[in-house]
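If you read the sequence shown in my numbering, its first letter stands for residue 795, the second for the next number, and so on. Here is the structure we will look at.
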Amino acid sequence: MSLNIPEHLKKYCILSDDGTIIDRFKCPVSGCEFKTRLGPGAVRMHILIKADPKNETRYSPDHEEYFKQYESELTPDTVRDLAKVPYRPVSYKKE
Numbered sequence: 795m796s797l798n799i800p801e802h803l804k805k806y807c808i809l810s811d812d813g814t815i816i817d818r819f820k821c822p823v824s825g826c827e828f829k830t831r832l833g834p835g836a837v838r839m840h841i842l843i844k845a846d847p848k849n850e851t852r853y854s855p856d857h858e859e860y861f862k863q864y865e866s867e868l869t870p871d872t873v874r875d876l877a878k879v880p881y882r883p884v885s886y887k888k889e
């Protein structure tokens, strides 16, 4: 099975070993190690929060530059498109 991920959005994805599902989503900003299974919206929010110079404790100039360059790509529509691709959800373990 081949995943239908638009080429320009593959930089936000880490595929499973067998390539049949998105294992995690990642921040594509150089030097940032943020990875999550919370979904594509979590990566978008991560970038937005880190790009905000008003939040001095979390601000990253690299994220701000990335946001400025790829703002048209970081939309709710993009999140929806990536959320349609099968991805591994956060594990929930009942106690």
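Built from N, CA and C at the ideal position, the CB exists for glycine as well. Remember, predicted model here, so these are calculated numbers, not experimental data.
Between residue 879 and residue 867, the alpha-carbon positions lie close to 17 Å from each other.
According to the DSSP assignment, residue 811 belongs to no alpha helix (DSSP H), since it is labelled neither H nor E. The criterion of a C-beta distance shorter than 7 Å is satisfied by residue 856 and residue 823. Per DSSP, the unbroken alpha helix (DSSP H) holding residue 843 starts and ends at 834-844. The DSSP assignment places 855-864, 870-877 as complete runs of the alpha helix (DSSP H) inside the stretch 854-884, in order along the chain (cut-off: 4 residues).
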